[in-house]
Amino acid sequence: MMKKKKRSATLTPAEVQKTLHKNLEFIASEQYRLLRANIKFTVPEDVKCPIIGVTSSIRGEGKSTTAVNLSYVLANKGHKVLLVDGDLRIPSIAKKMGVKSTPGLTDLLIGSTADIASWKSDIHKNWYILPSGDIPPNPSELLGSKRMENVLNVLSEHFDYIIVDLPPVNVVSDAMAISSWVTGMIIVIREGYTSKKDLDRCMRQVKLSNVNVLGCVMNESEEGSASYNKYGKYKRNKKYYYYSSEHKVQNKEEFNL
66 MMKKKKRSAT
76 LTPAEVQKTL
86 HKNLEFIASE
96 QYRLLRANIK
106 FTVPEDVKCP
116 IIGVTSSIRG
126 EGKSTTAVNL
136 SYVLANKGHK
146 VLLVDGDLRI
156 PSIAKKMGVK
166 STPGLTDLLI
176 GSTADIASWK
186 SDIHKNWYIL
196 PSGDIPPNPS
206 ELLGSKRMEN
216 VLNVLSEHFD
226 YIIVDLPPVN
236 VVSDAMAISS
246 WVTGMIIVIR
256 EGYTSKKDLD
266 RCMRQVKLSN
276 VNVLGCVMNE
286 SEEGSASYNK
296 YGKYKRNKKY
306 YYYSSEHKVQ
316 NKEEFNL
């Protein structure tokens, strides 16, 4: 049985807008446009609708915000884009975007029909948002299922890009479970927060799963920084323990933001 998520207060349009690329500082805004340009170079030309997963090593590195803004700048360029909340354990896209959390991805995965027009964002005509839906008891199995492949294949017929926000690699196996169905992954790293140990572990997991890594995004990097040799200690968010206590982990390029 799927668990009903607690309803959080819906964000106001003004609060939603603060998350978006167009309202960020100039440097961050430019870097999202650079990320959009780099995606075009790293994705094979023969892929009609690239399906790009966005993940990180641990929670709190900014993967969801990166997924939101990457999908937004692609839509702003004239592409028809679908942003999918694929974090079926601690979803955040619905709250960030001020939309209802259900129906969503889990409804499609259990066979419900979809009205794609209902996912259309009020912010941009080319931008569509598919929330997670109700939290299922078996997220990893659902994301790696044949049903997920079929859903993505059908959706890819309607969009130019599909961006999927995924859980952290080091915490649960979900991101690796869906790796067979995506064109490639972007790994988000937060400077001064991600430890080198966590990043190394993440990249080992990715390599073992034969994931096509399109690149790494350096989030909250200092201006002019182009390397990530030093990592500070990070504080664990209390929500992080939801992953570790209930769901045990199974055994190119750099973009600065």
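In the working numbering, the protein residues as written are 66 to 322. Just so you know, even glycine gets a beta-carbon here, dropped at the ideal spot from N, CA and C.
List the DSSP bridge partners of residue i.
{"i": "Trp192", "result": "Val146"}
{"i": "Ile227", "result": "Ile116, Leu147"}
{"i": "Arg30", "result": "No answer is possible for residue 30: the residues shown for the chain start at 66 and end at 322."}
{"i": "Gly249", "result": "Ile117"}
Is residue i helix, strand or coil when you go by DSSP?
{"i": "Ser121", "result": "strand"}
{"i": "Tyr97", "result": "helix"}
{"i": "Leu153", "result": "coil"}
{"i": "Val236", "result": "coil"}
{"i": "Ile104", "result": "helix"}
{"i": "Val278", "result": "strand"}
{"i": "Lys272", "result": "helix"}
{"i": "Lys185", "result": "strand"}
{"i": "Ala179", "result": "coil"}
{"i": "Lys165", "result": "coil"}
{"i": "Ile243", "result": "coil"}
{"i": "Gly297", "result": "Legend: pLDDT at Gly297 = 32, less than 50; position of this residue unreliable, value from coordinates given subsequently. Correct three-state label for Gly297: coil."}
{"i": "Glu110", "result": "coil"}
{"i": "Glu206", "result": "helix"}
{"i": "Ser221", "result": "helix"}
{"i": "Glu214", "result": "helix"}
{"i": "Ser136", "result": "helix"}
{"i": "Ser129", "result": "helix"}
State buried or exposed for residue i, treating a residue as buried only when at least 16 other CB atoms are found within 10 Å of its CB.
{"i": "Ser238", "result": "buried"}
{"i": "Leu279", "result": "buried"}
{"i": "Ile181", "result": "exposed"}
{"i": "Thr120", "result": "buried"}
{"i": "Phe224", "result": "buried"}
{"i": "Glu178", "result": "Residue 178 is actually Thr in this sequence, not Glu. Exposed, since its Cβ has fewer than 16 Cβ neighbours within 10 Å."}
{"i": "Ala291", "result": "Caution is warranted here: a pLDDT of 41 is assigned to Ala291, below 50, making its placement in the model unreliable, and no coordinate value can be reported."}
{"i": "Gly143", "result": "exposed"}
{"i": "Phe230", "result": "The sequence shown places Asp at residue 230, not Phe. Looking at its Cβ environment, which holds 16 or more other Cβ atoms inside 10 Å, Asp230 is buried."}
{"i": "Val112", "result": "exposed"}
{"i": "Pro232", "result": "buried"}
{"i": "Pro115", "result": "buried"}
{"i": "Glu110", "result": "exposed"}
{"i": "Arg269", "result": "exposed"}
{"i": "Ala102", "result": "exposed"}
{"i": "Glu95", "result": "exposed"}
Assuming residue i contacts residue j (C-beta within less than 8 Å), just tell me the rounded distance between them.
{"i": "Gly249", "j": "Ile117", "result": "6 Å"}
{"i": "Val149", "j": "Ile228", "result": "7 Å"}
{"i": "Lys165", "j": "Pro204", "result": "20 Å between Cβ atoms; not a contact."}
{"i": "Met213", "j": "Trp246", "result": "6 Å"}
{"i": "Val146", "j": "Tyr97", "result": "That pair is no contact at about 13 Å."}
{"i": "Ser244", "j": "Ser221", "result": "Their Cβ separation, rounded to whole angstroms, is 16 Å, which puts Ser244 and Ser221 out of contact at 8 Å."}
{"i": "Val271", "j": "Val234", "result": "7 Å"}
{"i": "Val253", "j": "Asn277", "result": "That belief does not hold up - the Cβ atoms of Val253 and Asn277 are roughly 16 Å apart, past 8 Å."}
{"i": "Ala240", "j": "Gly209", "result": "So it is not a contact: roughly 10 Å between Cβ atoms."}
Check whether chain C comes within 9 Å of residue i, counting only Cβ atoms and requiring the distance to be less than that.
{"i": "Val108", "result": "Note that chain C does not occur in the displayed structure, where there is just one protein chain."}
Would you call the segment 188-201 and the segment 142-154 in contact, with 3 or more CB pairs under 8 Å? Touching, yes.
Taking 8 Å as the threshold, find out whether the segment 128-135 comes into contact with the segment 154-170 through three or more Cβ pairs. As far as the Cβ criterion goes, the segment 128-135 touches the segment 154-170, which means the pair count is three or higher.
Q) Between the segment 164-174 and the segment 256-269, are three or more C-beta pairs nearer than 8 Å? A) Touching, no, given that fewer than three Cβ pairs across the two stretches are closer than 8 Å.
For the segment 214-221 against the segment 132-139, do three or more pairs of beta-carbon atoms, one drawn from each stretch, fall closer than 8 Å, so that the two count as touching? They do not touch, by the three-pair rule.
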